Each structure stands twice: as structure tokens, then as C-alpha cells.
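Notes for the one structure printed next.
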Amino acid sequence: MKPILTYGIPVLAVVTLLVFALKSEAPEPSVPEPALEISEPESSTRELAMACVTHGSAISYHVHPELAILVDGERVELPADIGVDASCMRALHTHDATGKIHIEYPTEQPFTLGDFFAVWGKPFSATQILDKVADDSHAVTMTVNGKPSTKFENLVMRDHDVIVIEYGEK
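Numbered according to the numbering used here, the sequence shown spans residues 57 to 226.
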């Protein structure tokens, strides 16, 4: 019994180690990985739009779309300093009541009109602008650079875009 204990246990240990070593070096059967679906995050730019930016950071993306809102034919003034307060300036903001939106960020981003309304804290969609909701006799329409658009809150704003949102009778 002594030779088995003396030689058998070490031999068994070496054989076990060799089996595991050979198994780990054996090539795995090649199974292709499934293709990844690329989809945009739910709020791809919303969090960026809500973050504070400072003039101390390198702002290389700086564009200025124009926004006009008309309710029953009357222009609604966009307030000065949307997205600006004493402690923070958001990436999307206004400085005055002219309708010019300033988009400033360290890198180019596909900021949307919905991002601007989120910073402003006002509702906007294909069926609502501010406190006006589309119904059987009223509609929300939008033009971009003079052409009808159905992108509404999903519109990616570009430099010098002229965006007009109207609420009125159908």
C-alpha cells in the first residue's frame, strides 16, 4: 500500500494537471458572435444638454439656430436666459429674446429641438407646443428653413436653421 501512496498520488496529480492544461490549450470550436444591434441611447443628447458648460472649457462646437413660435398667428417671445442662471450655463441656451438659440459644447453633438425644450422646461411635440394641445380643430405644424417638417422634437438643429412652430386652426 505504501508504493501507491508514495507514487500513485503524485502521478494522479500530474495526470490531472496535464488533462486540464491540454484541455485549456485545445482550440475552442469557432462560433461567431451574434451581430450587435446599434441603437441610439434613449436620451442620447438630453443629459449633455442639461449639463453645465463653462467658458473655461474648450468650446469648439458653437451654432445658432433661430426659433419662432406662433400661437394663433401671434408670436410668442422666447425669454432671455433660457438655460442660464447664476451658477450654470447649459449647452443649449438663449441670451436675449430674439429667438436665437446658442448651442455651445466642447464637441459637435446632434442636439435636438426637444433638448432645447427640456432645458427650457416647456412641453413640445407633434401634438403640443407650450400649453396648447392639438385637437379636432387645431394643429401644431413646423417648418425648417421654409420647408414643412414632421421631425418636431427630434429635429437635429443646425447652424442658421430657421425653425417656425405654429399652433392654430386646421
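The beta-carbon is built from N, C-alpha and C at its ideal position, and this holds for glycine as well. Here the structure is a predicted model, which means the values were calculated and not measured.
Identified DSSP bridge partners for residue i
| i | result |
| --- | --- |
| Ser224 | Note on identity: in this sequence residue 224 is Gly, with Ser being the wrong assignment. Paired residue(s): Ala195. |
| Leu148 | Ile159 |
| His216 | Note: His216 sits in no beta bridge, so no partner. |
| Lys203 | Val200 |
| Asp141 | Cys144 |
| Ile185 | Phe180, Lys188 |
Start-to-end residues for the alpha helix (DSSP H) that takes in residue i
| i | result |
| --- | --- |
| Met106 | 102-106 |
| Leu169 | 169-176 |
Residue i, buried or exposed, once every other Cβ within 10 Å from all chains shown has been counted against 16
| i | result |
| --- | --- |
| His149 | buried |
| Asp171 | buried |
| Ala174 | buried |
| Phe208 | buried |
| Pro121 | buried |
| Thr110 | exposed |
| Thr168 | buried |
| Arg146 | buried |
| Val87 | Interpretation of Val87 is limited by its pLDDT of 40, a score under 50 that renders its predicted location unreliable; the figure taken from the coordinates is listed afterwards. The residue in question, Val87, is exposed, as its Cβ has fewer than 16 Cβ neighbours within 10 Å. |
| Trp105 | Checking the displayed sequence, the identity of residue 105 turns out to be Ala instead of Trp. Per the 10 Å Cβ criterion, buried. |
| Val229 | Past the edges of the chain, shown from 57 to 226, lies residue 229, and the structure says nothing about it. |
| Gly139 | buried |
| Thr163 | exposed |
| Ala158 | The amino acid at residue 158 is misidentified as Ala; the sequence shows His. Under this definition His158 is a buried residue. |
Opening and closing residue of the beta strand (DSSP E) in which residue i lies
| i | result |
| --- | --- |
| Leu126 | 122-127 |
| Val132 | 130-132 |
**Prompt:** Counting pairs of beta carbons, one from the region 188-196 and one from the region 148-164, are three or more of them closer than 8 Å?
**Reply:** no
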